[in-house]
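A.B. asks:
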Amino acid sequence: MKELRINCQEFESLLSEYLDSGLDPGMHALVAEHALRCPLCHDLLNEVRKNMDICKNLPLPQISLAKLEASILSSTMPEASMSCEEFERYLTDYLDGFLPAPLFHR
1 MKELRINCQE
11 FESLLSEYLD
21 SGLDPGMHAL
31 VAEHALRCPL
41 CHDLLNEVRK
51 NMDICKNLPL
61 PQISLAKLEA
71 SILSSTMPEA
81 SMSCEEFERY
91 LTDYLDGFLP
101 APLFHR
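Going by the numbering used here, the final residue of the sequence shown carries number 106, and the count climbs one at a time with no gaps.
1) Alpha carbon to alpha carbon, what distance is there between N51 and R37?
2) Quick one, which of S81, L14, G97, D93 has its alpha-carbon nearest A29's?
3) Can you give me the C-alpha to C-alpha distance between S81 and L91, rounded to a whole angstrom?
4) What residue from L58, L60, Y18 has the CA that sits closest to C41's CA?
5) Relative to the C-alpha of E12, which candidate in E3, A32, L4 has its C-alpha closest?
6) Does the Cβ-Cβ distance between I72 and H34 come in under 8 Å?
7) Please specify which runs of the alpha helix (DSSP H), each continuous and at least 4 residues long, are wholly inside the region 18-58, giving them in chain order.
8) Quick one: Cα of G22 to Cα of L45, how far?
As structure tokens, this is what we get:
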């Protein structure tokens with residue numbers, strides 16, 4: 001009977017679910033076995049775990065919700081945005097090479 005194994009690409013695609021305990025027991029075991037066999041994936045697993053721990057221990061930003069809401073609203077006010085016609089004109093000019101990217105991405 002052939003032994004089931006996963007490759008490095010499969011390991012990487014399953015890593016998030018593995019760390020979140022979202023895999024069925026059989027697949028969880030395959031990912032764990034691969035990490036034990038493959039030094040590169042083992043290092044990747046440890047690095048991701050370390051970064052997750054760092055993120056969990058970061059202090060929450062002290063931002064006022066009122067300031068955040070005001071900032072979002074000021075950026076999305078209908079009068080602050082361009083009309084569909086204006087956007088289409090800019091997009092056409094940009095795609096035709098007449099409008100530089102920094103001006104288009106305002």
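All C-beta atoms, glycine included, are put in the ideal place defined by N, C-alpha and C.
C.D. replies: For this structure:
1) Walking along the sequence shown from the start, residue 37 turns up at place 37. Walking along the sequence shown from the start, residue 51 turns up at place 51. Cα-Cα distance, rounded: 22 Å.
2) Here residue 29 refers to the residue found at position 29 when the sequence shown is read from its first residue. Looking at the Cα atoms, L14 is the closest of the given residues.
3) Counted from its first residue, the sequence shown places residue 81 at position 81. Counted from its first residue, the sequence shown places residue 91 at position 91. For S81 and L91, the distance between alpha carbons rounds to 14 Å.
4) Working through the sequence shown from its first residue, we reach residue 41 at position 41. Ranking the options by Cα distance to C41, first place goes to Y18.
5) Here residue 12 is taken as the residue at index 12 of the sequence shown, counted from 1. That would be A32, whose Cα lies nearest to the Cα of E12.
6) Reading the sequence shown from its first residue, position 72 is the one you call residue 72. Reading the sequence shown from its first residue, position 34 is the one you call residue 34. In this structure, H34 does not lie closer than 8 Å to I72 by Cβ.
7) Entirely contained in the region 18-58, the alpha helix (DSSP H) runs reaching 4 residues are, in chain order, 25-37, 39-56.
8) Stepping through the sequence shown from its first residue, residue 22 is reached at position 22. Stepping through the sequence shown from its first residue, residue 45 is reached at position 45. One C-alpha to the other measures close to 16 Å.
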